[in-house]
Amino acid sequence: MSQVLRHKIITVKELLGLSLTIPEYQRPYKWTSRHITQLFEDIDVHKEKSAYRLGTIVFHQNKEQQNVLNIVDGQQRTLTLILAVKAIIDIRLAEIVRQDLKNTLTELQKPLDDFMARTKFANNISQHNLHQNYVDLKRLVSRKEDFTETHIDFLINKCEVVTFYLEDISEAFQFFDAQNARGRDLDPHDLLKAFHLREFSEAEIALKGASVVYWEDQKSEALTELFEKYLYRIRQWARGHSARYF
Numbered sequence: 182m183s184q185v186l187r188h189k190i191i192t193v194k195e196l197l198g199l200s201l202t203i204p205e206y207q208r209p210y211k212w213t214s215r216h217i218t219q220l221f222e223d224i225d226v227h228k229e230k231s232a233y234r235l236g237t238i239v240f241h242q243n244k245e246q247q248n249v250l251n252i253v254d255g256q257q258r259t260l261t262l263i264l265a266v267k268a269i270i271d272i273r274l275a276e277i278v279r280q281d282l283k284n285t286l287t288e289l290q291k292p293l294d295d296f297m298a299r300t301k302f303a304n305n306i307s308q309h310n311l312h313q314n315y316v317d318l319k320r321l322v323s324r325k326e327d328f329t330e331t332h333i334d335f336l337i338n339k340c341e342v343v344t345f346y347l348e349d350i351s352e353a354f355q356f357f358d359a360q361n362a363r364g365r366d367l368d369p370h371d372l373l374k375a376f377h378l379r380e381f382s383e384a385e386i387a388l389k390g391a392s393v394v395y396w397e398d399q400k401s402e403a404l405t406e407l408f409e410k411y412l413y414r415i416r417q418w419a420r421g422h423s424a425r426y427f
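Counting along the sequence shown from 1, when you hit position 212 you're at 393 in the numbering used here, and nothing is skipped either side.
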């Protein structure tokens, strides 16, 4: 990459205090109750540690809007953390004994409310999972004997994420691709979608949103087959190369 890669380790409290945006090119929110359960089990197991890393988040930081951070990678994790802290505020804030913890949750209330107000999810999958996970999270945080103030403090102040900041959107996607190549493989059409959607102008927001909805309604398996068995091979053969393996 041509530019200097800026990175920083921040707590969940610091993350949720940022001005975050979910770009329209992002995939649907697909985390389910299984991921929620795993998160809470991790918190319980590691709660005595001085710090615990939850993963990596990649931001695209527009030069004209330095205070706005578009989440290129880490959407699933970030949204889940937002839902978790929102549930804690809604269910437990009034009865928190520790004043410092109550102050922190109160401070996070506005940035979370602002995020909720400006973020829209057109995809039905996202809407369903967000609603269901929030219901599950409210149930989990309401169990005071299992999810104590110690757990809340650990989640907010000691759980951390590694954040990367890139101003060039192309390089942000390259970094996103490299990160995901070490975990679950991305389908080629996911990056193609992102590549094209970022070319929409500000005057084409409605068309951009409609394109995202249409794209996500397509069957992923069919698109994968189209790219892997046909488009890739045609491209390779046209260049005189072998196309046996994608």
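Virtual Cβ for every residue (Gly too), placed ideally from N, Cα, C. The structure displayed is predicted, hence computed values, not measured ones.
Residues in the same chain with beta-carbon distance under 8 Å from D271, minus the five sequence neighbours each way, listed in chain order, please. K319
Cutting at 7 Å between CB atoms, please list the residues of its own chain near K374, excluding the five before and the five after it. Y206, W396
Quick check on this structure: which residue in V394, A387, H188, S200 has the alpha carbon closest to the alpha carbon of K291? S200
Can you list the alpha helix (DSSP H) stretches of 4 or more residues lying completely in the stretch 248-320, in chain order? 256-273, 280-299
Environment of W418 [buried if 16+ CB atoms lie within 10 Å]: exposed
Of the choices D334, N305, D294, whose alpha-carbon is the least far from that of T285? D334
Under a three-way DSSP split, which group does L220 fall into? helix
Given a threshold of 16 other Cβ atoms within 10 Å of its Cβ, counted over all protein chains shown, does N314 qualify as buried or as exposed? buried
Extent of the continuous alpha helix (DSSP H) to which H422 belongs: No alpha helix (DSSP H) contains H422, which DSSP labels as neither H nor E.
If you drop the 5 nearest sequence neighbours on each side, which residues of the same chain put their C-beta closer than 8 Å to that of N338? T192, V193, K194, T285
Per DSSP, which residues does E341 bridge with? Please list them. T192, R234
In the DSSP assignment, find the alpha helix (DSSP H) that holds L201 and state where it starts and stops. Careful: L201 lies outside any alpha helix (DSSP H), inside the beta strand (DSSP E) at 200-202.
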